[in-house]
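Per the working numbering, the sequence shown starts with residue 52, numbered consecutively.
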Amino acid sequence: MKGLDYNLALALFFPFYVIAEIPSNMLMKRLRPSVWLTIIMVSWGLITTFMGLVQNLGGLIACRIFLGIAEGGLFPGVSYFITMWYRRHECGFRIALFFSAATAAGAFGGLLARGIAEMDGVGNRAGWSWIFILEGLLTLIVSGFSSSFVHDYPASLTFLSAKFLNAEERIEVQRRLLEDDGSSDEFSVKFFYQALRDWKIWVMMFITIGIFTPLYSISLFLPTIINQFGYSNNTSQLLTVPPYLVACFCTIVGNYAADKMRQRGPFLLGFETIAVVGFLMLITSRIPHLQYAGAFFAASGLYMTRY
52 MKGLDYNLAL ALFFPFYVIA EIPSNMLMKR LRPSVWLTII MVSWGLITTF
102 MGLVQNLGGL IACRIFLGIA EGGLFPGVSY FITMWYRRHE CGFRIALFFS
152 AATAAGAFGG LLARGIAEMD GVGNRAGWSW IFILEGLLTL IVSGFSSSFV
202 HDYPASLTFL SAKFLNAEER IEVQRRLLED DGSSDEFSVK FFYQALRDWK
252 IWVMMFITIG IFTPLYSISL FLPTIINQFG YSNNTSQLLT VPPYLVACFC
302 TIVGNYAADK MRQRGPFLLG FETIAVVGFL MLITSRIPHL QYAGAFFAAS
352 GLYMTRY
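See the structure below:
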(Lines of atoms letter the chains of each structure in order from A and count residues from 1; the text may use other names and numbers.)
(Lines give C-alpha, C1' and ligand atoms only; values in the text may rest on other atoms or scores of the structure.)
Protein backbone atom coordinates (compact mmCIF):
# COMPACT_ATOMS: atom_id res chain seq x y z
CA MET A 1 0.00 0.00 0.00
CA LYS A 2 1.05 3.58 -0.55
CA GLY A 3 -0.07 7.08 0.32
CA LEU A 4 -3.49 7.13 1.94
CA ASP A 5 -4.41 3.53 1.02
CA TYR A 6 -4.24 2.39 4.65
CA ASN A 7 -6.40 5.29 5.84
CA LEU A 8 -8.93 4.58 3.08
CA ALA A 9 -9.22 0.93 4.11
CA LEU A 10 -9.74 1.97 7.73
CA ALA A 11 -12.28 4.69 6.93
CA LEU A 12 -14.53 2.59 4.68
CA PHE A 13 -15.20 0.26 7.60
CA PHE A 14 -17.22 2.80 9.58
CA PRO A 15 -20.15 3.77 7.28
CA PHE A 16 -21.13 0.12 6.97
CA TYR A 17 -20.60 -0.41 10.70
CA VAL A 18 -23.09 2.38 11.44
CA ILE A 19 -25.61 1.21 8.82
CA ALA A 20 -25.61 -2.33 10.24
CA GLU A 21 -26.31 -1.44 13.87
CA ILE A 22 -30.09 -0.89 13.93
CA PRO A 23 -31.06 -3.63 11.41
CA SER A 24 -28.82 -6.03 13.33
CA ASN A 25 -30.68 -5.43 16.59
CA MET A 26 -34.01 -5.88 14.82
CA LEU A 27 -32.82 -9.22 13.45
CA MET A 28 -31.61 -10.26 16.88
CA LYS A 29 -35.11 -9.73 18.27
CA ARG A 30 -36.44 -12.01 15.54
CA LEU A 31 -33.83 -14.75 15.79
CA ARG A 32 -32.87 -14.69 19.52
CA PRO A 33 -29.51 -13.48 20.88
CA SER A 34 -28.00 -16.97 21.10
CA VAL A 35 -28.53 -17.41 17.35
CA TRP A 36 -27.78 -13.94 16.03
CA LEU A 37 -24.73 -13.20 18.17
CA THR A 38 -23.26 -16.54 17.10
CA ILE A 39 -23.86 -15.65 13.44
CA ILE A 40 -22.06 -12.34 14.02
CA MET A 41 -19.09 -14.12 15.59
CA VAL A 42 -18.82 -16.68 12.79
CA SER A 43 -19.01 -13.92 10.15
CA TRP A 44 -16.48 -11.81 12.01
CA GLY A 45 -14.06 -14.72 12.37
CA LEU A 46 -14.30 -15.73 8.71
CA ILE A 47 -13.76 -12.19 7.43
CA THR A 48 -10.80 -11.64 9.76
CA THR A 49 -9.24 -14.88 8.49
CA PHE A 50 -9.78 -13.79 4.89
CA MET A 51 -8.05 -10.47 5.65
CA GLY A 52 -4.89 -12.48 6.19
CA LEU A 53 -5.19 -13.84 2.66
CA VAL A 54 -5.74 -10.59 0.73
CA GLN A 55 -3.31 -9.79 -2.08
CA ASN A 56 -4.19 -6.19 -2.95
CA LEU A 57 -5.92 -3.02 -1.80
CA GLY A 58 -9.24 -4.00 -3.38
CA GLY A 59 -9.35 -7.24 -1.41
CA LEU A 60 -8.52 -5.42 1.82
CA ILE A 61 -11.23 -2.81 1.24
CA ALA A 62 -13.81 -5.52 0.51
CA CYS A 63 -12.89 -7.33 3.73
CA ARG A 64 -13.06 -4.10 5.74
CA ILE A 65 -16.53 -3.31 4.37
CA PHE A 66 -17.88 -6.76 5.19
CA LEU A 67 -16.18 -6.63 8.59
CA GLY A 68 -18.01 -3.38 9.31
CA ILE A 69 -21.33 -5.04 8.48
CA ALA A 70 -20.53 -8.06 10.65
CA GLU A 71 -19.08 -6.14 13.57
CA GLY A 72 -21.72 -3.40 13.60
CA GLY A 73 -24.29 -5.50 15.42
CA LEU A 74 -22.17 -6.88 18.24
CA PHE A 75 -21.85 -4.02 20.71
CA PRO A 76 -25.39 -2.62 20.33
CA GLY A 77 -26.70 -6.18 20.35
CA VAL A 78 -25.01 -7.14 23.60
CA SER A 79 -25.99 -3.79 25.15
CA TYR A 80 -29.63 -4.41 24.25
CA PHE A 81 -29.38 -8.00 25.47
CA ILE A 82 -28.16 -6.85 28.89
CA THR A 83 -31.13 -4.48 29.22
CA MET A 84 -33.43 -7.49 28.81
CA TRP A 85 -32.14 -8.89 32.10
CA TYR A 86 -31.31 -5.89 34.30
CA ARG A 87 -32.90 -2.63 35.36
CA ARG A 88 -31.55 0.66 34.06
CA HIS A 89 -29.37 1.52 37.06
CA GLU A 90 -27.98 -2.04 37.01
CA CYS A 91 -26.97 -1.99 33.34
CA GLY A 92 -24.16 0.55 33.25
CA PHE A 93 -21.58 -1.45 35.17
CA ARG A 94 -22.47 -4.69 33.40
CA ILE A 95 -22.24 -3.08 29.97
CA ALA A 96 -18.93 -1.54 31.04
CA LEU A 97 -17.64 -4.99 32.03
CA PHE A 98 -18.45 -6.27 28.56
CA PHE A 99 -16.98 -3.26 26.80
CA SER A 100 -13.90 -3.35 29.01
CA ALA A 101 -13.14 -6.70 27.40
CA ALA A 102 -12.58 -4.76 24.17
CA THR A 103 -10.13 -2.53 26.02
CA ALA A 104 -8.37 -5.55 27.50
CA ALA A 105 -8.27 -7.05 24.00
CA GLY A 106 -6.24 -4.03 22.95
CA ALA A 107 -3.64 -5.00 25.55
CA PHE A 108 -3.75 -8.71 24.82
CA GLY A 109 -3.82 -8.02 21.08
CA GLY A 110 -0.56 -6.11 21.30
CA LEU A 111 1.15 -9.02 23.03
CA LEU A 112 -0.38 -11.54 20.65
CA ALA A 113 0.57 -9.53 17.57
CA ARG A 114 4.13 -9.19 18.83
CA GLY A 115 4.41 -12.96 19.24
CA ILE A 116 2.70 -13.93 15.98
CA ALA A 117 4.84 -11.46 14.06
CA GLU A 118 7.75 -13.82 14.69
CA MET A 119 6.06 -16.23 12.24
CA ASP A 120 7.12 -13.94 9.42
CA GLY A 121 8.11 -16.12 6.48
CA VAL A 122 6.31 -19.26 7.68
CA GLY A 123 4.41 -20.72 4.73
CA ASN A 124 5.77 -17.85 2.63
CA ARG A 125 3.44 -15.49 4.46
CA ALA A 126 4.23 -12.21 6.17
CA GLY A 127 3.86 -11.88 9.93
CA TRP A 128 0.88 -9.52 9.60
CA SER A 129 -0.93 -12.15 7.52
CA TRP A 130 -0.57 -14.74 10.28
CA ILE A 131 -1.93 -12.26 12.82
CA PHE A 132 -5.25 -12.02 10.96
CA ILE A 133 -5.42 -15.72 10.12
CA LEU A 134 -4.77 -17.00 13.64
CA GLU A 135 -6.94 -14.41 15.40
CA GLY A 136 -9.78 -15.10 12.94
CA LEU A 137 -9.51 -18.85 13.52
CA LEU A 138 -9.55 -18.29 17.28
CA THR A 139 -12.79 -16.32 16.93
CA LEU A 140 -14.30 -19.17 14.90
CA ILE A 141 -13.35 -21.68 17.59
CA VAL A 142 -14.97 -19.59 20.33
CA SER A 143 -18.11 -19.04 18.22
CA GLY A 144 -18.53 -22.81 17.96
CA PHE A 145 -19.68 -23.08 21.57
CA SER A 146 -20.71 -19.49 22.36
CA SER A 147 -24.44 -20.08 21.82
CA SER A 148 -24.57 -22.43 24.81
CA PHE A 149 -23.47 -19.55 27.07
CA VAL A 150 -26.06 -17.02 25.85
CA HIS A 151 -29.34 -17.37 27.75
CA ASP A 152 -31.74 -15.41 25.52
CA TYR A 153 -34.67 -13.54 27.12
CA PRO A 154 -36.49 -14.33 30.37
CA ALA A 155 -39.76 -13.17 28.80
CA SER A 156 -41.40 -16.58 28.41
CA LEU A 157 -41.80 -19.27 31.03
CA THR A 158 -41.75 -21.91 28.32
CA PHE A 159 -38.59 -20.60 26.68
CA LEU A 160 -35.77 -23.13 26.42
CA SER A 161 -33.27 -20.60 27.69
CA ALA A 162 -31.94 -19.63 31.11
CA LYS A 163 -32.45 -23.11 32.49
CA PHE A 164 -30.70 -22.01 35.66
CA LEU A 165 -33.90 -20.13 36.56
CA ASN A 166 -37.01 -21.83 37.87
CA ALA A 167 -40.52 -20.56 37.08
CA GLU A 168 -40.69 -18.28 40.14
CA GLU A 169 -37.32 -16.74 39.39
CA ARG A 170 -38.32 -16.02 35.80
CA ILE A 171 -41.45 -14.26 37.02
CA GLU A 172 -39.35 -12.20 39.44
CA VAL A 173 -36.96 -11.14 36.67
CA GLN A 174 -39.90 -10.03 34.52
CA ARG A 175 -41.53 -8.20 37.43
CA ARG A 176 -38.39 -6.20 38.16
CA LEU A 177 -38.05 -5.19 34.51
CA LEU A 178 -41.70 -4.18 34.18
CA GLU A 179 -41.47 -2.02 37.30
CA ASP A 180 -38.42 -0.29 35.88
CA ASP A 181 -39.83 0.31 32.39
CA GLY A 182 -43.35 -0.42 31.30
CA SER A 183 -42.89 0.80 27.72
CA SER A 184 -43.66 -1.30 24.68
CA ASP A 185 -41.10 -3.83 23.50
CA GLU A 186 -42.56 -3.96 19.97
CA PHE A 187 -40.92 -1.86 17.29
CA SER A 188 -43.02 0.74 15.54
CA VAL A 189 -42.07 3.33 12.92
CA LYS A 190 -43.56 6.00 15.17
CA PHE A 191 -40.75 5.39 17.66
CA PHE A 192 -38.25 6.16 14.90
CA TYR A 193 -39.87 9.51 14.15
CA GLN A 194 -40.17 10.29 17.85
CA ALA A 195 -36.43 9.77 18.19
CA LEU A 196 -35.72 12.08 15.24
CA ARG A 197 -37.77 14.84 16.89
CA ASP A 198 -36.12 14.43 20.29
CA TRP A 199 -33.44 17.12 20.72
CA LYS A 200 -31.75 15.06 23.45
CA ILE A 201 -31.00 12.31 20.91
CA TRP A 202 -29.23 14.81 18.67
CA VAL A 203 -27.22 16.22 21.56
CA MET A 204 -26.13 12.71 22.54
CA MET A 205 -25.19 11.98 18.92
CA PHE A 206 -22.82 14.95 18.83
CA ILE A 207 -21.38 14.01 22.22
CA THR A 208 -20.82 10.46 20.98
CA ILE A 209 -19.08 11.73 17.84
CA GLY A 210 -16.86 13.87 20.06
CA ILE A 211 -15.91 10.83 22.15
CA PHE A 212 -15.54 8.20 19.45
CA THR A 213 -13.50 10.26 16.98
CA PRO A 214 -10.44 10.55 19.26
CA LEU A 215 -11.12 7.10 20.74
CA TYR A 216 -10.77 5.38 17.38
CA SER A 217 -7.69 7.46 16.70
CA ILE A 218 -6.16 5.84 19.78
CA SER A 219 -7.53 2.39 18.94
CA LEU A 220 -6.28 2.36 15.37
CA PHE A 221 -3.07 4.34 15.59
CA LEU A 222 -1.65 3.86 19.11
CA PRO A 223 1.20 1.59 17.88
CA THR A 224 2.01 4.17 15.18
CA ILE A 225 1.86 7.02 17.70
CA ILE A 226 4.24 5.23 20.07
CA ASN A 227 6.50 4.35 17.14
CA GLN A 228 6.88 8.09 16.48
CA PHE A 229 8.40 8.46 19.95
CA GLY A 230 11.46 6.67 18.58
CA TYR A 231 10.71 3.07 19.51
CA SER A 232 11.01 0.11 17.13
CA ASN A 233 7.91 -1.51 15.62
CA ASN A 234 8.09 -4.53 17.94
CA THR A 235 8.68 -2.40 21.03
CA SER A 236 5.80 -0.12 20.02
CA GLN A 237 3.45 -3.12 19.96
CA LEU A 238 4.51 -4.10 23.47
CA LEU A 239 4.21 -0.54 24.78
CA THR A 240 0.53 -0.42 23.78
CA VAL A 241 -0.23 -2.98 26.50
CA PRO A 242 0.08 -0.82 29.68
CA PRO A 243 -2.18 2.05 28.48
CA TYR A 244 -4.92 -0.43 27.57
CA LEU A 245 -4.65 -2.23 30.91
CA VAL A 246 -4.96 1.05 32.83
CA ALA A 247 -7.88 2.09 30.60
CA CYS A 248 -9.60 -1.24 31.30
CA PHE A 249 -9.19 -0.72 35.06
CA CYS A 250 -10.55 2.85 34.86
CA THR A 251 -13.52 1.68 32.78
CA ILE A 252 -14.56 -0.90 35.37
CA VAL A 253 -13.94 1.20 38.47
CA GLY A 254 -15.41 4.39 37.02
CA ASN A 255 -18.61 2.76 35.83
CA TYR A 256 -19.01 0.81 39.07
CA ALA A 257 -18.82 4.07 41.03
CA ALA A 258 -21.21 5.78 38.60
CA ASP A 259 -23.76 2.98 39.01
CA LYS A 260 -23.49 3.08 42.79
CA MET A 261 -24.01 6.84 42.86
CA ARG A 262 -26.51 6.74 39.97
CA GLN A 263 -24.71 9.77 38.56
CA ARG A 264 -22.95 9.43 35.21
CA GLY A 265 -22.57 13.08 34.20
CA PRO A 266 -19.82 14.03 36.68
CA PHE A 267 -17.83 10.91 35.78
CA LEU A 268 -18.14 11.61 32.06
CA LEU A 269 -16.93 15.18 32.49
CA GLY A 270 -14.11 14.12 34.79
CA PHE A 271 -12.74 11.41 32.53
CA GLU A 272 -13.16 13.55 29.42
CA THR A 273 -11.01 16.16 31.14
CA ILE A 274 -8.38 13.48 31.76
CA ALA A 275 -8.50 12.55 28.06
CA VAL A 276 -8.05 16.19 27.02
CA VAL A 277 -5.01 16.48 29.29
CA GLY A 278 -3.59 13.33 27.70
CA PHE A 279 -3.99 14.65 24.16
CA LEU A 280 -2.44 17.98 25.14
CA MET A 281 0.57 16.07 26.47
CA LEU A 282 0.81 14.14 23.20
CA ILE A 283 0.54 17.27 21.07
CA THR A 284 2.66 19.80 22.97
CA SER A 285 5.45 17.70 24.49
CA ARG A 286 8.58 16.60 22.66
CA ILE A 287 9.74 14.35 25.51
CA PRO A 288 8.97 10.69 24.62
CA HIS A 289 8.36 9.57 28.21
CA LEU A 290 5.95 12.45 28.81
CA GLN A 291 4.16 11.74 25.54
CA TYR A 292 3.85 8.09 26.51
CA ALA A 293 2.31 9.17 29.82
CA GLY A 294 -0.14 11.24 27.78
CA ALA A 295 -1.21 8.05 25.99
CA PHE A 296 -2.22 6.62 29.39
CA PHE A 297 -4.37 9.66 30.18
CA ALA A 298 -5.95 9.76 26.73
CA ALA A 299 -6.82 6.05 26.66
CA SER A 300 -8.08 5.94 30.25
CA GLY A 301 -10.32 8.97 29.83
CA LEU A 302 -11.78 7.98 26.48
CA TYR A 303 -12.48 4.31 27.13
CA MET A 304 -14.31 5.03 30.37
CA THR A 305 -16.55 7.68 28.81
CA ARG A 306 -17.37 5.36 25.90
CA TYR A 307 -19.61 3.31 28.21
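Every residue gets a Cβ at the ideal spot worked out from N, C-alpha and C, and that includes glycine. None of the values given here were measured: they were computed from a predicted structure.
Practice task
Report the rounded CA-to-CA distance for D249 versus L162, giving the unit in angstroms.
Solution key: Position 198 of the sequence shown holds residue 249. Position 111 of the sequence shown holds residue 162. Cα to Cα, the separation comes out at about 44 Å.
Handout entry: Start-end ranges of the alpha helix (DSSP H) lying completely within the region 217-287, minimum 4 residues
Key = As for any alpha helix (DSSP H) of minimum length 4 sitting wholly inside the region 217-287, the runs are 218-231, 240-248 and 250-278, ordered along the chain.
Exercise for the section: State the Cα-Cα distance for the pair G96 and L333, rounded to the nearest angstrom. Expected result: Here residue 96 refers to the residue found at position 45 when the sequence shown is read from its first residue. Here residue 333 refers to the residue found at position 282 when the sequence shown is read from its first residue. Looking at the two C-alpha atoms, the distance is approximately 34 Å.
Problem - Cβ pair R357, L228 closer than 8 Å - result: Within the sequence shown, the letter at position 306 stands for residue 357. Within the sequence shown, the letter at position 177 stands for residue 228. No, the pair does not count as a contact, with Cβ atoms beyond the cut-off.
Handout entry: For Y295, the three-state DSSP class (helix, strand or coil)
Key = Within the sequence shown, residue 295 is the residue found at index 244, counting from 1. Of the three classes helix, strand and coil, the one that applies to Y295 here is helix, per DSSP.
Handout entry: Per-residue burial, L88 [other beta carbons within 10 Å of its own, 16 or more giving buried]
Key = Start at 1 with the first residue of the sequence shown, and residue 88 comes out as number 37. L88 is buried by the Cβ-count criterion.
Practice task
Go to G103, then tell me how far its alpha helix (DSSP H) extends in each direction, as first and last residue.
Solution key: Indexing the sequence shown from 1 puts residue 103 at position 52. Note, G103: premise wrong, no alpha helix (DSSP H); not H, not E.
Exercise for the section: Drop a sphere of 10 angstroms on the beta-carbon of T100, count the other beta-carbons inside from all chains shown, and report buried for 16 or more, exposed for fewer. Expected result: The count along the sequence shown starts at 1 and reaches residue 100 at position 49. Under this definition T100 is a buried residue.
Exercise for the section: Locate the alpha helix (DSSP H) running through P205, then write down its first and last residues. Expected result: As a position in the sequence shown, residue 205 is number 154, starting the count at 1. Careful: P205 lies outside any alpha helix (DSSP H) and carries neither H nor E.
Practice task
Count the other C-beta atoms from every protein chain shown that fall within 10 angstroms of the C-beta of V254, then say buried if there are 16 or more, exposed otherwise.
Solution key: Sequence index remark: in the sequence shown, residue 254 carries index 203 (1-based). Exposed is the call here.
Practice task
Determine the closest residue to I98 out of R83, C114 and L290, with distance taken between C-alpha atoms.
Solution key: For the purposes of this step, residue 98 is taken as residue 47 along the sequence shown, with counting starting at 1. Of R83, C114 and L290, the residue nearest in Cα terms is C114.
Exercise for the section: Evaluate P339 with the Cβ neighbour count: other Cβ atoms within 10 Å of its Cβ, from every protein chain shown; 16 or more gives buried, anything less gives exposed. Expected result: Working through the sequence shown from its first residue, we reach residue 339 at position 288. Burial call: exposed.
Practice task
On a CA-only basis, which of E122, D171 and N285 is nearest F65? Give me that one, please.
Solution key: On the sequence shown, position 14 is the one that residue 65 refers to. Nearest C-alpha to F65: E122.
Exercise for the section: Mark P74 as exposed unless 16 or more other C-beta atoms lie within 10 angstroms of its C-beta, in which case mark it buried. Expected result: The residue labelled residue 74 in the question sits at position 23 within the sequence shown. P74 should be labelled exposed.
Problem - Distance CB(A350)-CB(Y295) smaller than 8 Å - result: In the sequence shown, residue 350 corresponds to position 299, counting from 1. In the sequence shown, residue 295 corresponds to position 244, counting from 1. Contact: yes.
Handout entry: DSSP-derived helix/strand/coil call for F159
Key = Locating residue 159 in the sequence shown gives position 108, counting from the first residue. Three-state DSSP puts F159 in a helix.
Problem - Beta-carbon proximity list for I112, same chain, < 8 Å, skipping 5 on both sides - result: For this step, residue 112 is matched to residue 61 along the sequence shown. Contacts found: L59, A60 and L63.
Practice task
Measuring alpha carbon to alpha carbon, tell me which of Y68, E230 and C301 ends up nearest M135.
Solution key: On the sequence shown, position 84 is the one that residue 135 refers to. Residue E230 is the option with its Cα nearest to M135.
Exercise for the section: Could you tell me if T259 is buried or exposed, where buried requires 16 or more neighbouring beta carbons within 10 angstroms of its beta carbon? Expected result: Your numbering for residue 259 matches position 208 in the sequence shown. So T259 ends up on the exposed side.
Handout entry: Given G160 as reference, the closest of Y282, L273 and T335 once Cα atoms are compared
Key = Numbered from its first residue, the sequence shown carries residue 160 at position 109. Measuring from the Cα of G160, the nearest candidate turns out to be L273.
Exercise for the section: Look at the Cβ atom of L266, then the Cβ atom of Y204, and state whether they are nearer than 8 Å. Expected result: Locating residue 266 in the sequence shown gives position 215, counting from the first residue. Locating residue 204 in the sequence shown gives position 153, counting from the first residue. No, they are not a contact pair.
Practice task
Flag this pair as touching only if the region 295-310 and the region 138-153 have three or more C-beta atom pairs under 8 Å; answer yes or no.
Solution key: yes
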